[in-house]
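Student: Protein sequence lines, in the order shown, are assigned to chains A and B. Heads up, the first sequence is in our numbering, so the first residue is 3 and it goes up one at a time. Heads up, the second sequence is in our numbering, so the first residue is 3 and it goes up one at a time. Every residue gets a Cβ at the ideal spot worked out from N, C-alpha and C, and that includes glycine. Since this is a predicted model, take the numbers as computed values, not measurements.
Number of protein chains: 2
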Amino acid sequence: MKEERDITTEQRILKAARKVFIEYGFNGARMQLIADEAGINKALLHYYFRSKEQLFDVVFTDLLARFQIAFFTILASDKPLIEKIRLMVEEDIELLMKHPEMPLFIISEVARNPEKTARRANAAKISSLFKEFSRQVKEGIAEGEIREVDPIDLLMNILSLNRFPFIGKPMIQSVIGLSDDRFQKLMKSRKRSVAELIIGDLKNRTTTGGK
Amino acid sequence: MKEERDITTEQRILKAARKVFIEYGFNGARMQLIADEAGINKALLHYYFRSKEQLFDVVFTDLLARFQIAFFTILASDKPLIEKIRLMVEEDIELLMKHPEMPLFIISEVARNPEKTARRANAAKISSLFKEFSRQVKEGIAEGEIREVDPIDLLMNILSLNRFPFIGKPMIQSVIGLSDDRFQKLMKSRKRSVAELIIGDLKNRTTTGGK
DNA sequence: TTTGTATTTAACCAAACGGTTAAACCTATT
DNA sequence: AATAGGTTTAACCGTTTGGTTAAATACAAA
């Protein structure tokens with residue numbers, strides 16, 4: 003008579019925890035605030051989740067799967083390289099526009115405790131997904147479809163252009179002044195322009211200097 | 003008989019505080035740890051800096067100037083556009099390679115307290131430096147030197163490609179496995195490749211799809 | 001040597017924190 | 001209506017935290 007009904011309370015707690023952890027980070031978050039946000043008492047919180055760290059783990063593992071593994075799954079899907087890159091940009095930016103605080107939250111918490119992340123995110127799986135992509139890139143190079151490029155370098159360019167704007171948003175807004183509305187429009191237009199920047203670089207780069 | 007000699011102690015404190023704040027963030031940092039790191043007692047810490055927040059302010063304002071204002075100063079220097087962009091990439095990455103933890107630290111702390119940042123970093127000045135750059139970009143477009151582009155978009159691309167790799171380093175390392183040595187080499191090669199990516203996009207982009 | 005001032009310390013404090021306990025409260029089954 | 005088990009709460013606990021205090025120490029100027 004428990005398993006079925008308490009979906010409500012447990013999910014209210016998880017939703018509240020997600021909100022508070024994302025806003026304040028693990029160190030800044032307070033169990034009392036999570037309890038308030040969920041409309042319950044602090045002791046009940048510990049009844050459902052034994053400790054702050056355990057609650058955080060549940061919340062974080064879930065978010066990691068939704069935002070990291072989703073990206074790497076597209077990265078290893080069986081689409082043609084160019085189409086795939088366009089998808090990796092457009093779908094990722096689309097998702098991040100709905101959750102602009104996620105990239106900074108995830109990266110901060112991984113940096114706070116890198117050892118745990120490998121276990122939590124099933125790093126072995128992601129690593130193998132990346133190797134699959136890596137193979138596809140080398141294939142594209144061999145066939146002359148794209149220029150010579152290090153797959154890690156390519157991945158970094160895509161992740162950088164997709165995610166930095168959301169990570170640096172508070173910084174950029176407070177320093178050069180940029181309304182939320184303007185930011186939103188900019189991100190929308192970036193879905194196309196970032197894809198073209200990356201693909202253009204792969205298909206027809208002309209050396210602009212040196213060796 | 004004070005002003006002259008205590009440079010030693012005060013600077014030892016600042017150095018220790020910098021290290022601890024950067025490693026743990028404001029919320030994770032402990033005054034006791036800063037005191038230990040500086041080789042002094044906690045009370046002496048409060049003798050020199052009345053509160054944790056005040057000490058943090060001194061440390062953070064200084065770092066903000068060194069890493070943000072430096073970048074925006076190059077951005078508004080009186081060099082030709084293309085040469086300037088190359089400099090903005092190469093010098094920024096060069097600096098970040100010596101201080102890889104800085105971008106994530108700065109962005110996290112700005113996000114934690116955006117209101118304060120505007121005052122701290124002299125946002126008005128940076129904003130005017132950016133307007134100067136913005137004017138130069140429009141000039142380059144009018145003269146047909148580069149393609150049509152939103153200056154904010156251009157700035158975001160440069161900042162993204164420069165800084166995200168350092169921000170996402172722990173994430174990427176724990177997820178796809180990437181040694182510090184390999185990372186270092188990658189960043190070194192990016193000084194050239196990122197500049198070419200940006201400049202190539204500005205000088206000869208060919209539309210790869212749609213309208 | 002004495003005096004005044006800068007420097008350093010150990011001991012202490014109140015508040016906030018994560019976490020526990022034991023009892024009360026529902027509510028469905030018998 | 002009695003029972004049993006899931007659910008909720010107020011009160012409490014030990015620790016850690018940022019911060020204070022008052023006294024000791026070093027040392028230059030008188």
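1. So which of B:H101, B:L157, B:R137, B:L65 has the shortest CA-CA distance to B:A197?
2. Contact between the region 116-133 of chain B and the region 161-178 of chain A: three or more CB pairs below 8 Å?
3. On the CB-based measure, 16 or more other CB atoms within 10 Å of its CB, does A:D64 come out buried or exposed?
4. Give the interface partners of A:N43 over in chain B, defined as CB-CB distance under 8 Å, in chain order.
5. Kindly list the residues whose CB is nearer than 6 Å to the CB of B:I15, restricted to its own chain and excluding five residues on each side of it in sequence; keep chain order.
6. By alpha-carbon positions, which one of B:K86, B:L106, B:F23 ends up nearest to B:R165?
7. For the putative contact between B:V91 and B:I160, defined by C-beta atoms under 8 Å, what is the C-beta separation to the nearest angstrom?
8. Going by the CB atoms, is the gap between B:M33 and B:K17 shorter than 7 Å?
9. Can you check the region 114-157 of chain B for any alpha helix (DSSP H) of at least 4 residues that lies completely inside it and give the ranges in chain order?
10. So, does the region 123-139 of chain A touch the region 185-196 of chain A, judging by three or more C-beta pairs under 8 Å?
11. Give me the residue from A:A37, A:K86, A:A31 with the minimum Cα distance to A:Q13.
12. To the nearest angstrom, report how far apart A:S162 and B:F185 are at their CA atoms.
13. Against chain A, does B:M33 count as a neighbour if the rule is that its beta carbon must be under 7 Å from one of theirs?
14. Does the Cβ of A:R88 have 16 or more other Cβ atoms within 10 Å, making it buried, or fewer, making it exposed?
15. Do the CB positions of A:P172 and B:V112 come within less than 7 Å of each other?
16. Residues of chain B with CB closer than 9 Å to the CB of A:T119, please, in chain order.
17. Out of curiosity, what's the CA-to-CA distance linking B:F28 and B:F58?
18. Within 10 Å of its beta-carbon, does A:E134 have 16 or more other beta-carbons around it, so buried, or fewer, so exposed?
19. Measure the C-alpha to C-alpha separation of A:S79 and A:V139 and round it to an integer number of angstroms.
20. Cβ of A:I84 within 7 Å of Cβ of A:I201?
21. Give a yes or no on whether the C-beta atoms belonging to B:G30 and A:I109 are separated by under 7 Å.
22. Looking at C-alpha atoms only, which residue of B:F69, B:A19, B:L204, B:L35 is the closest neighbour of B:I143?
23. Kindly list the residues whose CB is nearer than 8 Å to the CB of B:L131, restricted to its own chain and excluding five residues on each side of it in sequence; keep chain order.
24. Could you confirm whether any beta carbon from chain B is found closer than 7 Å to the beta carbon of A:D2?
25. I need the straight-line Cα distance from A:K193 to B:S195, nearest angstrom please.
26. Go ahead and pull the three-state DSSP assignment for A:V60.
27. Are there 16 or more other CB atoms within 10 angstroms of the CB of B:P167, so buried, or fewer, so exposed?
28. Applying the criterion that 16 or more other CB atoms from any shown protein chain within 10 Å of the CB defines a buried residue, is A:L46 buried or exposed?
29. Could you check whether B:I42 and B:E103 sit closer than 7 Å to each other, using their CB atoms as the reference points?
30. Measure the Cβ-Cβ separation of A:S136 and A:P116 and say whether it is below 7 Å.
31. Taking the alpha-carbon of A:E141 as reference, which of A:V22, A:P82, A:D182 has the nearest alpha-carbon?
Tutor: So, from the listed chains and residues:
1. That would be B:L157, whose Cα lies nearest to the Cα of B:A197.
2. yes
3. exposed
4. Under the 8 Å cutoff, chain B gives no residues; its nearest Cβ is about 25 Å from A:N43.
5. Result list for B:I15: A40, Y50, in chain order.
6. B:L106
7. With a Cβ gap of about 6 Å, B:V91 and B:I160 count as contacting.
8. no
9. The region 114-157 of chain B contains these whole alpha helix (DSSP H) runs: 116-122, 125-144.
10. Note that the region 123-139 of chain A does not touch the region 185-196 of chain A; fewer than 3 beta-carbon pairs, one per stretch, sit closer than 8 Å.
11. The shortest CA-to-CA distance from A:Q13 to any of A:A37, A:K86, A:A31 is the one to A:A37.
12. Going by the C-alpha atoms only, they are around 15 Å apart.
13. no
14. buried
15. yes
16. P172, M173, S176, V177
17. 7 Å
18. With fewer than 16 other Cβ atoms from the protein chains shown falling within 10 Å of its own Cβ, A:E134 counts as exposed.
19. 13 Å
20. yes
21. no
22. B:L204
23. F74, T75, L77, A78
24. With chain A running from 3 to 213 in the structure shown, residue 2 of chain A is simply not present.
25. 22 Å
26. helix
27. buried
28. exposed
29. no
30. no
31. A:P82
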